[in-house]
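K.L.:
Encoded as structure tokens, here's the structure I'll be asking about.
There are 2 protein chains.
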Amino acid sequence: MKIKTLILYLFFISTIACSSSILANDEPVKPIAPVKEINLGQVELGKKLFFDPRLSRSGFISCNSCHNLSMGGTDNLKTSIGHKWQQGPINSPTVLNSSLNIAQFWDGRAADLKEQAGGPIANPGEMASTHTLALDVLQSIPAYVREFKQVFGTTEINIEYVTEAIAEFEKTLVTPNSRFDQWLLGDENAITSTELAGYSLFKNIGCIACHNGESLGGNSFQKMGLVSPYVTTNKAEGLFGVTGKDMDRFKFKVPTLRNIELTYPYFHDGEAATLTEAVSIMGKLQLGQNFTQENNAKIVAFLKTLTGDQPSFIIPLLPASVDKTPKPTPFD
Amino acid sequence: MKIKTLILYLFFISTIACSSSILANDEPVKPIAPVKEINLGQVELGKKLFFDPRLSRSGFISCNSCHNLSMGGTDNLKTSIGHKWQQGPINSPTVLNSSLNIAQFWDGRAADLKEQAGGPIANPGEMASTHTLALDVLQSIPAYVREFKQVFGTTEINIEYVTEAIAEFEKTLVTPNSRFDQWLLGDENAITSTELAGYSLFKNIGCIACHNGESLGGNSFQKMGLVSPYVTTNKAEGLFGVTGKDMDRFKFKVPTLRNIELTYPYFHDGEAATLTEAVSIMGKLQLGQNFTQENNAKIVAFLKTLTGDQPSFIIPLLPASVDKTPKPTPFD
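Residue numbers (the numbering used here), protein chains in the order written: chain A, 1 to 332; chain B, 1001 to 1332.
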């Protein structure tokens, strides 16, 4: 009896393991994995830096201004607002799951999150500070100096440590446990039949060719306007700006579809206001398909199952400036 | 024996109660009390609204932009940045402990937090929306409609509910348990002898005349430049703007000194960058006193004991806009 029970048990376990692994391994979309091997000291420091507007010249703009973690890691604007209300050149991509991207920025000009983090601080159109000024601010604040010492073992703050800490925090901003991931992991009731039909369409029609993997995107550069040209007044030229190769003109990093319901408006120019519009344009331009209203709605329904658990943490308290801290100059 | 023990016990208890009540009742500064009788549904809704930049025309500025709860409930700027980077007319007062104020704004033009909350939303120099537009945005978002229904019992969102919820959230933003309050409540070791000397000076020299009570301020209007006139290019005229009475010219609500180490720069024009500077100017202008460097430092040391427990909560997640939600127009 005991052996029989054991055999039955093993059979049961292997069936579950097998059915899970079929789902996880055979689908071209993979569940988002919770984050591993994180340096918590860096995360806590990086969280403060991410929310600290003193990294900007004005003292008003932080990483969180354009990658707002209350709003899907974006600003939900077509293009962002920079120093002195300058209009940004491109739509702010979500910071959520950005650690899974092949490279950072729409044109991939930063290899990773650490390299990315230094960009906006010193970009005259964004935070408009300099690395020197930002470091002077941090170095003047004893509580920051202590925290850098604790985390990096030295009281000399440099931009490598600043960007490393921000990147480490950003690595925690993954969004597992979406309804679609629950389905991928074996819960057949996690999505509706309409949503499942949307996923089937998404695969069969070819969206999956670019939007696959853990992020449903973020892992390749593709031409915007593959079948028909994309008409826009936006001047961004994508990967061409990085490689200088003609074949890379209008190639952009494929955006992730994770949390897409939260990260409107869509495309690098932010010109698609709704998912319905974005799906319709993508169908035409990238696949030469005119989706029926019904099929479009099914795909949109599927896309809305991709919203995962949002980052949840206590609002960070920033250490106060002291008398010698360089003052912000928003109006100079 | 039992009766003797009881008598000793009662004597012991009454001594503690008495000594506590001497401290709490006899000092002109009172400890901040933790908040009571709060409507938690309104608080959670109000927290979202406080962080929601869609209450502004640009979709970029929220209450938290200028009353940043990571930075002492202020923006740490001389005067704030409004819609399209307009320079604000006056220093943003902290939202911390603002429920204890006699009235809201530097000139007291709003009777309470609820009345205050409606102001910046519709102020063309601040969030630059209109109540109509802000309500249209909220009413378009099903998750907000559901939450208003749950909290206020109706699906018709109006500005009264919006400001009531924000005000209820703001009531939770008190900061009890500062080291000075610990001292007031009987812990003699909570502050140093220098800090205590600073408090004695603060009382004896007369700062306490205006900076008293739970908030060390916020409970009266006083002329800025009582003994000598205050020289500033700032055009604010204070209470005069509300009453039209000549005697009210340059009368401002006395700012709270709670968390003053975090709420730099100081005065209604934000022109005092440091506490040392602010204490020195106050001494001269309001009391006709030239503090020695040593006495100034003692008062500053005392002031730094007034930083209490900062509000601590999970960053709110904002319900996503839907297709019909009016779009932000930052650059129109």
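For glycine and all other residues, C-beta sits at the position ideal for the given N, C-alpha and C.
Since I believe G1308 (chain B) is in contact with D1181 (chain B) (beta carbons under 8 angstroms), could you give me their beta-carbon distance rounded to a whole number of angstroms?
P.N.:
Their Cβ separation, rounded to whole angstroms, is 7 angstroms, which keeps D1181 (chain B) and G1308 (chain B) in contact under 8 angstroms.
K.L.:
Using a C-beta to C-beta distance shorter than 9 angstroms, which residues of chain A count as neighbours of E1195 (chain B)?
P.N.:
Ordered by position in chain A, no residue passes the 9 angstroms Cβ test against E1195 (chain B), which lies about 17 angstroms from the chain.
K.L.:
Just verifying my parser: in three-state terms, what is the DSSP assignment at S21 (chain A)?
P.N.:
Residue confidence for S21 (chain A) is low, a pLDDT of 43 falling below 50, so the modelled location carries little weight; the figure read from the coordinates is stated next. S21 (chain A): helix per DSSP, three-state reduction.
K.L.:
Tell me the residue span of the beta strand (DSSP E) that contains K1253 (chain B).
P.N.:
K1253 (chain B) -> beta strand (DSSP E) spans K1251 to K1253.
K.L.:
For a cutoff of 8 angstroms on Cβ pairs, would you count A297 (chain A) as touching chain B?
P.N.:
No, A297 (chain A) lies away from the interface with chain B (no Cβ there is under 8 angstroms from its Cβ).
K.L.:
Are the CB atoms of P1316 (chain B) and S70 (chain A) within a distance shorter than 8 angstroms?
P.N.:
Result yes, Cβ atoms of S70 (chain A) and P1316 (chain B) sit closer than 8 angstroms.
K.L.:
Name the chain B residues whose beta carbon is nearer than 8 angstroms to that of Y264 (chain A)?
P.N.:
The answer, in chain order, is A1320 and S1321.
K.L.:
With G1270 (chain B) and L1055 (chain B) assumed to form a contact (beta carbons below 8 angstroms), what rounded beta-carbon distance in angstroms separates them?
P.N.:
With a Cβ gap of about 24 angstroms, G1270 (chain B) and L1055 (chain B) do not count as contacting.
K.L.:
Measuring CB atoms only, is the segment 1285–1298 of chain B touching the segment 1244–1256 of chain B, in the sense that at least three cross pairs come out at less than 8 angstroms?
P.N.:
Short answer: they don't touch.
K.L.:
Classify F331 (chain A): buried if its beta carbon has 16 or more other beta carbons within 10 angstroms, exposed otherwise.
P.N.:
Exposed.
K.L.:
Return helix, strand or coil for T1074 (chain B), following the three-state DSSP convention.
P.N.:
Strand at T1074 (chain B).
K.L.:
Kindly list the residues whose CB is nearer than 8 angstroms to the CB of K1235 (chain B), restricted to its own chain and excluding five residues on each side of it in sequence; keep chain order.
P.N.:
The residues are P1089.
K.L.:
For the segment 1125–1143 of chain B, list every residue whose C-beta sits within 9 angstroms of some C-beta in chain A, in sequence order.
P.N.:
Of all residues in the segment 1125–1143 of chain B, none has a Cβ within less than 9 angstroms of some Cβ in chain A.
K.L.:
Quick check: L1201 (chain B) and R1258 (chain B), are their CB atoms within less than 8 angstroms of each other?
P.N.:
Not a contact, by the Cβ cut-off of 8 angstroms.
K.L.:
Just mark T1329 (chain B) as buried or exposed, buried being the case when its beta carbon has 16 or more other beta carbons within 10 Å.
P.N.:
When all chains shown are included, T1329 (chain B) counts as exposed.
K.L.:
Do S312 (chain A) and I1141 (chain B) count as a contact pair if the criterion is CB distance below 8 angstroms?
P.N.:
Going by C-beta atoms, I1141 (chain B) is not nearer than 8 angstroms to S312 (chain A).
K.L.:
So, helix, strand or coil for Q1293 (chain B), using DSSP?
P.N.:
It is helical.
K.L.:
Quick one: is L77 (chain A) near chain B, going by C-beta distance under 8 angstroms?
P.N.:
At least one chain B Cβ lies under 8 angstroms of L77 (chain A).
K.L.:
Are the CB atoms of F51 (chain A) and L318 (chain A) nearer to each other than 8 angstroms?
P.N.:
Against a cut-off of 8 angstroms, the Cβ pair of L318 (chain A) and F51 (chain A) comes out as a contact.
K.L.:
Going by CA-CA distance only, name the one from B:N1068, B:L1262, B:D1136 and B:V1300 that's closest to E1277 (chain B).
P.N.:
The shortest Cα separation from E1277 (chain B) among B:N1068, B:L1262, B:D1136 and B:V1300 belongs to B:V1300.
K.L.:
Thinking C-alpha only, which one of B:F1105, B:R1109 and B:S1098 is nearest N1091 (chain B)?
P.N.:
Ranking the options by Cα distance to N1091 (chain B), first place goes to B:F1105.
K.L.:
Taking its Cβ as the centre, do 16 or more other Cβ atoms sit within 10 Å of L40 (chain A), making it buried, or is it exposed?
P.N.:
When all chains shown are included, L40 (chain A) counts as exposed.
K.L.:
By the three-class DSSP mapping on this structure, what secondary structure does K1324 (chain B) have?
P.N.:
Reduced to three states, the DSSP call for K1324 (chain B) is coil.
K.L.:
With a 10 Å radius around its C-beta and 16 neighbouring C-beta atoms as the bar for buried, classify T1163 (chain B) as buried or exposed.
P.N.:
By the 10 Å Cβ count, T1163 (chain B) comes out buried.
K.L.:
Please check if any C-beta of chain A sits within less than 8 angstroms of the C-beta of F1267 (chain B).
P.N.:
Output row for F1267 (chain B): interface = no.
K.L.:
How far does the beta strand (DSSP E) with Q139 (chain A) in it reach, from first residue to last?
P.N.:
Looking at the DSSP string, Q139 (chain A) is not in any beta strand (DSSP E); the run it does join, the alpha helix (DSSP H), is H131 to S140.
K.L.:
Of the residues that make up the segment 1055–1077 of chain B, which ones have a beta carbon closer than 8 angstroms to any beta carbon in chain A?
P.N.:
If the cut-off is 8 angstroms between Cβ atoms, the segment 1055–1077 of chain B has S1058, G1059, F1060, S1065, N1068, L1069, S1070, M1071, G1072, D1075, N1076 and L1077 near chain A.
K.L.:
Following the continuous beta strand (DSSP E) through F221 (chain A), name the residue where it begins and the one where it ends.
P.N.:
It spans F221 to K223 - the beta strand (DSSP E) in which F221 (chain A) sits, taken as one unbroken run.
K.L.:
Using beta-carbon positions only, say whether G218 (chain A) and I32 (chain A) come within less than 8 angstroms of one another.
P.N.:
No.
K.L.:
Quick one: list the residues of chain D neighbouring I314 (chain A), beta-carbon separation under 8 angstroms, in chain order.
P.N.:
Absent here is chain D; the protein component of the structure consists of chains A and B.
K.L.:
What does P1120 (chain B) touch in chain A if you count any residue whose Cβ is under 8 angstroms from its own?
P.N.:
The premise fails here: P1120 (chain B) is roughly 15 angstroms from chain A at the closest Cβ pair, so nothing lies under 8 angstroms.
K.L.:
Would you call the CB atoms of L135 (chain A) and I157 (chain A) closer than 8 angstroms?
P.N.:
Contact: yes.
K.L.:
What are the start and end residues of the alpha helix (DSSP H) that includes L287 (chain A)?
P.N.:
Where L287 (chain A) is concerned, the enclosing alpha helix (DSSP H) stretches over L275 to L287.
K.L.:
Can you find a C-beta in chain A that's less than 8 angstroms from the C-beta of E1261 (chain B)?
P.N.:
Yes, E1261 (chain B) lies at the interface with chain A (some Cβ there is under 8 angstroms from its Cβ).
K.L.:
My guess is that L239 (chain A) and G72 (chain A) are in contact by the Cβ rule of under 8 angstroms, so how many angstroms apart are they, rounded?
P.N.:
Rounded, the Cβ-Cβ distance is 25 angstroms, inconsistent with contact.
K.L.:
Quick one: which chain B residues come within Cβ less than 9 angstroms of Q87 (chain A)?
P.N.:
In chain order: P1330 and F1331.
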